[in-house]
Amino acid sequence: MSTPRLLRSMLFVPANNFKFIESAKEKRADMVILDLEDSVPTQEKQKARLLIKDAARLLKQTGKNVAVRINGLTTGLATDDLKFAICEGIDAIMLPKTESKKDIVKLERLMQNESKGQIKIGVIPLVESAKGILNVNEIVLAGKSIVAIGFGAADYLRDLGRSYFTISTNEIELLYPRSRLALAARVADVLAIDTPFLGNLNDLRGLIIESKIALSLGFRGKMCIHPSHVEPINQVFSPSEKEVKMAKKIIKAYEQAKAKGIGAYSFEGRMIDEATYKMAKETLAINETIAKMSDSKAK
46 MSTPRLLRSM LFVPANNFKF IESAKEKRAD MVILDLEDSV PTQEKQKARL
96 LIKDAARLLK QTGKNVAVRI NGLTTGLATD DLKFAICEGI DAIMLPKTES
146 KKDIVKLERL MQNESKGQIK IGVIPLVESA KGILNVNEIV LAGKSIVAIG
196 FGAADYLRDL GRSYFTISTN EIELLYPRSR LALAARVADV LAIDTPFLGN
246 LNDLRGLIIE SKIALSLGFR GKMCIHPSHV EPINQVFSPS EKEVKMAKKI
296 IKAYEQAKAK GIGAYSFEGR MIDEATYKMA KETLAINETI AKMSDSKAK
């Protein structure tokens, strides 16, 4: 299972609401997460499962990555969820309340049994507890199918006896779990995805500030629960025009210096070496991926 290089925005949509699903295909989210968990009442679970296949087909028409968030392994609902979620057009299964390597091993076994090896689908663990954060290293390295790992702040804070409504302005309570998860993801070469913004849905300034905090810590994208959050998130997690221009300059200067046998050198007052060169190449690769996605959606 190859790791997607671009998951800036991941939009949750209740899988029982086809109107919302149809609306999601018009948004520029890099991934749509068809939710079978928190946003779907118990009495609507089966209806939501039955809509998964058609929803995936619809979203794939616009080139979307599509995931399904199933119910947790301890709920007794996950096995039934997977009977419908393992189908063509689904790129990943998101597992809520992931707390250990055992959870990933069990999920992969269930997925294998359901798909019989015919459909390759990735896994996105969602870490939402103190135990999960402490075990995040083993979680992210637990299976070959893991393509990204997400952080769920609301449940994490509840686990600590705190409320998201009383969180500090600078979100200092979330610095450690975010940092630990982002570092683990980097070591495993998968994408770290930040928690949805749970402040006032109309507070786009707050959303952008929180997104920039996550970006600075090493996150590559952010989940969201409202369509209006997609574009601001995409902007934060996309290279700016200035960053792209600088990356091109660094690449050109480094390659010229290397041709002369120079490994590290000063460029515009800063030391440039192979690590800087690789970062610049990655910036351009992300920018090119974004451009290709925009072109395909315009056609």
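In the numbering used here, the protein residues as written are 46 to 344. A virtual CB, placed ideally from N, CA and C, is assigned to each residue, including glycine.
Rounded straight-line distance, which links the Cα of residue j to that of residue i
i, j, result
"residue 46", "residue 189", "Since pLDDT at residue 46 reaches only 39, below the 50 mark, its modelled position is unreliable, and the value read off the structure follows with that caveat. One C-alpha to the other measures close to 7 Å."
"residue 215", "residue 245", "16 Å"
"residue 212", "residue 199", "10 Å"
"residue 295", "residue 85", "49 Å"
"residue 48", "residue 236", "With a pLDDT of 47 at residue 48, under the threshold of 50, the predicted position of this residue should be treated as unreliable, and no value is reported."
"residue 252", "residue 307", "43 Å"
"residue 345", "residue 304", "Lying before the first or after the last residue shown, residue 345 is absent from the chain, which here runs from 46 to 344."
"residue 192", "residue 168", "6 Å"
"residue 137", "residue 300", "38 Å"
"residue 70", "residue 274", "15 Å"
"residue 247", "residue 271", "10 Å"
"residue 101", "residue 108", "11 Å"
"residue 333", "residue 234", "20 Å"
"residue 254", "residue 74", "19 Å"
"residue 64", "residue 280", "26 Å"
"residue 62", "residue 110", "19 Å"
"residue 124", "residue 153", "11 Å"
"residue 207", "residue 83", "19 Å"
"residue 269", "residue 250", "15 Å"
"residue 302", "residue 317", "10 Å"
"residue 159", "residue 183", "25 Å"
"residue 298", "residue 90", "57 Å"
Delimiting residues of the alpha helix (DSSP H) encompassing residue i
i, result
"residue 210", "Residue 210 -> no alpha helix (DSSP H), and no H or E assigned at all."
"residue 114", "Per DSSP, residue 114 belongs to no alpha helix (DSSP H); it is in the beta strand (DSSP E), 110-114."
"residue 297", "286-304"
"residue 222", "220-233"
"residue 318", "Premise fails: residue 318 is in no alpha helix (DSSP H) and is neither H nor E."
"residue 70", "It is not in any alpha helix (DSSP H) - residue 70 carries neither H nor E in the DSSP assignment."
Nearest neighbour of residue i, chosen from the options [CA to CA]
i, options, result
"residue 14", "210, 247, 195", "No information on residue 14 is available, as it lies outside the stretch 46 to 344 that the chain covers here."
"residue 292", "256, 331, 308", "331"
"residue 238", "172, 290, 289, 203", "172"
"residue 88", "122, 313, 227", "122"
"residue 319", "83, 282, 309", "309"
"residue 231", "185, 222, 217, 270", "185"
"residue 264", "222, 100, 273", "222"
"residue 129", "110, 250, 149, 156", "156"
"residue 8", "135, 174, 127", "Missing from the structure shown is residue 8; the chain here goes from 46 to 344 and no further."
"residue 326", "315, 337, 290, 313", "290"
"residue 105", "283, 76, 166", "76"
"residue 240", "298, 183, 170", "170"
C-beta atoms of residue i and residue j nearer than 8 Å
i, j, result
"residue 97", "residue 133", "no"
"residue 144", "residue 177", "yes"
"residue 103", "residue 67", "yes"
"residue 209", "residue 220", "no"
"residue 72", "residue 56", "yes"
"residue 277", "residue 256", "yes"
"residue 60", "residue 112", "no"
"residue 187", "residue 149", "yes"
"residue 54", "residue 323", "no"
"residue 286", "residue 328", "no"
"residue 81", "residue 58", "no"
"residue 345", "residue 229", "It is not possible to answer for residue 345, since the shown part of the chain is limited to 46 through 344."
"residue 227", "residue 205", "no"
Start and end residues, beta strand (DSSP E) containing residue i
i, result
"residue 125", "Not the beta strand (DSSP E): residue 125 falls in the alpha helix (DSSP H), residues 123-130."
"residue 187", "Note, residue 187: premise wrong, no beta strand (DSSP E); not H, not E."
"residue 137", "137-140"
"residue 56", "54-59"
"residue 80", "76-80"
"residue 277", "Residue 277 -> not in any beta strand (DSSP E); alpha helix (DSSP H) instead, spanning 275-281."
"residue 167", "167-172"
Contact test: residue i Cβ vs the ligand HEM heavy atom, cutoff 7 Å
i, result
"residue 176", "You won't find the ligand HEM in this model; it holds no ligand whatsoever."
Within-8 Å CB hit, residue i to chain D
i, result
"residue 272", "No chain D appears in the structure shown, which is made up of a single protein chain."
Next item on the list: Report yes or no: do three or more beta-carbon pairs, one from the region 108-123 and one from the region 135-153, lie closer than 8 Å?
Entry: Yes, the region 108-123 touches the region 135-153.
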